[in-house]
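Each residue of the sequence shown is one higher than the one before, counting from 132 in this note's numbering.
For each residue, glycine too, the CB sits at the ideal point set by N, CA and C.
All values reported here derive from a predicted model rather than from experimental measurement.
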Amino acid sequence: MIGDFSALDLLHALTGLMTVLAAVLATIRIAKGPGLLDRTVAFDVLTAAGIGMIAVMIVWWHRYDLSVLLIILALTAFMSGVVVSRFATRIDRSQQRILSEEEAQEQVAERERQAEEAQREETEDAQRSVHDARQTGAVDAAHDLELVHDPEHGTQEEH
């Protein structure tokens, strides 16, 4: 014990000084940049230093009611990182231009062709499944109870 300070008090003071140093260095990085993502990382470090300082204050002063601030700061840091990273994503400028009428028609035709192809493949898969089930005899037992659509009368009747 040094004077009125215990070893634990000294440890708390050292931890507090390290978090203040981290906060100062992060503030310098925020000021200098050079880019948006550098500033975002520095802001995250600054927030982490704030969380560390509050954690030291909670333990040193026995103020457990301040723990709510830890949650608030953590959520703020998370949300700010998400917002900035979403803002900073690169967007292909060629995808943002307005299409000519011919290009738009080509895209619509391509999408319709893809939809027809997917529908055809789905129908073929269903037919293959029914064929395979009939081959194994699994459908024969259930076929007697199947409802068959009558197109002439627009009704379904038991077959």
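Kindly confirm or deny that the stretch 166-176 and the stretch 144-152 touch, where touching means at least three C-beta pairs closer than 8 Å. No: fewer than three Cβ pairs fall under 8 Å.
Taking 8 Å as the cut-off, does the stretch 204-216 touch the stretch 230-239 (at least 3 CB pairs, one atom from each stretch)? No, the stretch 230-239 is not in contact with the stretch 204-216.
What ranges does the beta strand (DSSP E) occupy inside the stretch 145-202, keeping only unbroken runs of at least 3 residues that lie completely in it? Runs found: none.
At least three beta-carbon pairs within less than 8 Å, the stretch 137-145 to the stretch 174-192: Contact holds: three or more Cβ-Cβ distances are below 8 Å.
Terminal residues of the continuous alpha helix (DSSP H) containing Thr254? In this chain, the alpha helix (DSSP H) harbouring Thr254 covers Glu232 to Thr267.
Can you confirm whether Val215, when its beta carbon is compared against all beta carbons of chain C, has any partner nearer than 9 Å? Reference to chain C is not applicable here, since this structure consists of a single protein chain.
Got a sec? Which residues, its chain only, sit under 7 Å from Ala293 by beta carbon, not counting five neighbours each side? The requested residue 293 does not occur in the structure, where the chain is confined to residues 132 to 290.
Suppose you measure from the CA of Ala246 to the CA of Leu230; what does that come to, to the nearest Å? The alpha-carbon atoms of Ala246 and Leu230 are separated by roughly 21 Å.
Cβ-Cβ separation, Thr146 to Val199 (assumed contact under 8 Å), whole Å: In this structure Val199 is not in contact with Thr146, their Cβ atoms being roughly 21 Å apart against a cut-off of 8 Å.
Using the rule of at least 16 other Cβ atoms within 10 Å of the residue's Cβ for burial, across every protein chain shown, is Tyr195 buried or exposed? That one is exposed.
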